[in-house]
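Novice:
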Amino acid sequence: MDSISTKNAVVYFNSEVYTALNDYIKTVQPSKIFVLVDSNTHDYCLPKFLQRVESGEIAVEVMEMPNGEEHKSIDICTGVWEALSEYNADRKSLLINLGGGVVTDLGGFVASTYMRGISYINIPTSLLAMVDASVGGKTGVDLGTLKNQVGVINEGEMVGVDTSFLDSLPQNEMVSGFAEMLKHGLIYDESYWNTLTHLENLDISDLDRLIYDSIDIKNKVVTSDPTEKGLRKILNFGHTLGHAIESYFLENADKTPLLHGEAIAIGMILETYLSTKMCGLSQNHLETITNGILKTFSKVTITKADQEHIIELLKYDKKNSHGVVKFVLLEAIGKPKLDCVVSNALIFEAFDYYAR
Ligand SMILES: NC(=O)c1ccc[n+]([C@@H]2O[C@H](COP(=O)([O-])OP(=O)(O)OC[C@H]3O[C@@H](n4cnc5c(N)ncnc54)[C@H](O)[C@@H]3O)[C@@H](O)[C@H]2O)c1
Ligand SMILES: [Zn+2]
Numbered sequence: 499m500d501s502i503s504t505k506n507a508v509v510y511f512n513s514e515v516y517t518a519l520n521d522y523i524k525t526v527q528p529s530k531i532f533v534l535v536d537s538n539t540h541d542y543c544l545p546k547f548l549q550r551v552e553s554g555e556i557a558v559e560v561m562e563m564p565n566g567e568e569h570k571s572i573d574i575c576t577g578v579w580e581a582l583s584e585y586n587a588d589r590k591s592l593l594i595n596l597g598g599g600v601v602t603d604l605g606g607f608v609a610s611t612y613m614r615g616i617s618y619i620n621i622p623t624s625l626l627a628m629v630d631a632s633v634g635g636k637t638g639v640d641l642g643t644l645k646n647q648v649g650v651i652n653e654g655e656m657v658g659v660d661t662s663f664l665d666s667l668p669q670n671e672m673v674s675g676f677a678e679m680l681k682h683g684l685i686y687d688e689s690y691w692n693t694l695t696h697l698e699n700l701d702i703s704d705l706d707r708l709i710y711d712s713i714d715i716k717n718k719v720v721t722s723d724p725t726e727k728g729l730r731k732i733l734n735f736g737h738t739l740g741h742a743i744e745s746y747f748l749e750n751a752d753k754t755p756l757l758h759g760e761a762i763a764i765g766m767i768l769e770t771y772l773s774t775k776m777c778g779l780s781q782n783h784l785e786t787i788t789n790g791i792l793k794t795f796s797k798v799t800i801t802k803a804d805q806e807h808i809i810e811l812l813k814y815d816k817k818n819s820h821g822v823v824k825f826v827l828l829e830a831i832g833k834p835k836l837d838c839v840v841s842n843a844l845i846f847e848a849f850d851y852y853a854r
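Going by my numbering, the sequence shown opens with residue 499, and the numbers climb by one from there.
1) Could you give the residue range of the beta strand (DSSP E) that holds V648?
2) Take the Cβ of H820 as the centre, count every other Cβ of all protein chains shown within 10 Å, and call the residue buried at 16 or more, exposed below.
3) Determine the closest residue to A677 out of E653, D711, L626 and D660, with distance taken between C-alpha atoms.
4) Thinking C-beta only, is G778 closer than 9 Å to W691?
5) Are there three or more Cβ pairs, one per stretch, closer than 8 Å when the region 569–584 is compared with the region 606–617?
6) Helix, strand or coil for A830 per DSSP?
7) Taking 9 Å as the threshold (beta carbon to beta carbon), is Y746 in contact with chain B?
8) Could you tell me the alpha carbon to alpha carbon distance between A830 and E785, rounded to whole angstroms?
9) Return yes when the Cβ of M563 is within less than 9 Å of the Cβ of L604, no when it is not.
10) Go through its chain and collect everything with a Cβ distance to C575's Cβ below 7 Å, but skip five positions before and after it.
11) Using the beta-carbon count (16 or more within 10 Å), is D687 buried or exposed?
12) Can you tell me whether C838 is helix, strand or coil according to DSSP?
13) For L756, name the three-state secondary structure that DSSP assigns.
14) Which residue wins for smallest C-alpha separation from N717, given the options T774, I800, S632 and G790?
15) Taking the continuous alpha helix (DSSP H) assigned at M679, which residues delimit it?
16) Using the C-alpha atoms, what's the distance from T525 back to L667?
17) Reducing DSSP to helix, strand and coil, say where P545 ends up.
18) Touch check for the region 750–765 and the region 636–654: three-plus C-beta pairs under 8 Å?
19) Can you give the Cα-Cα distance for D660 and K505, rounded to whole angstroms?
20) On the three-state DSSP scale, how would you describe Y510?
21) What are the start and end residues of the alpha helix (DSSP H) that includes I743?
22) In the DSSP output, which residue or residues are listed as bridge partners for N620?
23) In this structure, how does DSSP classify L641 when only helix, strand and coil are distinguished?
24) For S796, is the classification buried or exposed, using 16 other Cβ atoms within 10 angstroms of its Cβ as the cut-off for buried?
25) Pull up the distance between the alpha-carbon of H674 and that of H737, whole angstroms please.
26) So what does DSSP say about Q628, is it helix, strand or coil?
27) Might you give, ordered along the chain, the residues of its own chain that have their beta carbon closer than 6 Å to the beta carbon of L828, omitting 5 neighbours on each side?
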């Protein structure tokens, strides 16, 4: 498969990941190589990865962090900075982040700040990290409950997407990442959306090419709008309500938390309904999109009381300006519309549509 060039880096696929990585190591000759993993990627991905890396005389040190979003914190960064220091990492050291979005976001931030910045390479191992976190150069950590509150934008030297790592990824995590692929279809490319919704199951051999296409779409959107002023906002489709639903389910002790993609799937159905009312999306499209999403994502019960709390949470959406909640909606598949303002009454209607 071809590689994809981002603003400052290149995304390599499958066996080419190791050719490019080994070339890089040979040419640059880092003083030391550090590999950051979490407890899962330590067991499932690291052995395979180390087998294919040719480091020659250069020492390779592995650093392990606990898995899970709750560890995407400054405390863990401190631990990693200290470990780098103890192992005498210097300005010429290389950090390789092997893991899901938590490891690649945190590791990218640690590398960007250690000694004012050392080189890093991301090897995403979850579907979400492959299709969503692998381009754009966003790194960072959470500050308590505030997601991605501290960080920098700084692309690594390269990204390596080896889809065979997905063999060990739990099914619910696969499904969660798939939501972002569906989103890429809805905001950018109707034929891509059609292909995704006609898949019989999420078989990795079928997904291979589609993962490539998804990264390509995200890259086109991001590179056309590096300062996040316009087009890039289309990536928020499904995320205005989706994020509020995700936070509500996370903070409410009576609810089982939803994975990011599970919440975004609900957000996309709700925002598709809003699109029919606000920007002329056809009824036909509404049905097709709803059915396409529900083929993979089961319905979640959201009571009237839940809905009120969720709407309340929209106030905290990072993308608001001057206290006004702005949605990305769809005029058609592949034709998003920015900055739509929607009444609460219509949002309640959207929840009724979702529940029917
Ligand atoms: N930088 C960006 O542009 C960007 C974009 C989207 C999301 N993100 C961030 O990514 C994070 C979510 O990413 P995620 O869903 O990958 O979460 P994650 O890193 O927590 O991974 C999900 C789970 O899967 C496990 N895992 C990962 N790869 C595995 C494999 N191959 N086999 C077995 N288990 C594996 C992890 O240990 C973890 O338990 C969030 O923090 C989000 O903010 C960043
Ligand atoms: Zn998302």
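All residues carry an ideal CB built from backbone N, CA and C; glycine is no exception.
Specialist: On the basis of the data shown:
1) Unbroken beta strand (DSSP E) run through V648: L644 to V648.
2) Under the 10 Å beta carbon count, H820 is surrounded by fewer than 16 other beta carbons and is classified as exposed.
3) L626
4) no
5) Yes, since at least three Cβ pairs between the region 569–584 and the region 606–617 fall closer than 8 Å, the two stretches touch.
6) strand
7) Checking the listed chains, one finds no chain B in this structure; it contains a single protein chain.
8) A830 and E785: Cα-Cα distance of roughly 13 Å.
9) Yes; because the gap between Cβ atoms is below 9 Å, this pair is in contact.
10) L604, F607, V608 and V639
11) buried
12) strand
13) coil
14) S632
15) Q669 to Y686
16) 33 Å
17) helix
18) no
19) 21 Å
20) Under the three-state reduction of DSSP output, Y510 falls in the strand class.
21) H737 to E749
22) N595 and V657
23) It is a strand residue.
24) exposed
25) Here residue 674 turns out to be Ser, not His, going by the sequence shown. Taking the straight line joining both Cα atoms gives about 13 Å.
26) A small fix is needed here, since residue 628 is Met in this sequence, not Gln. Correct three-state label for M628: helix.
27) S773, L779 and P834
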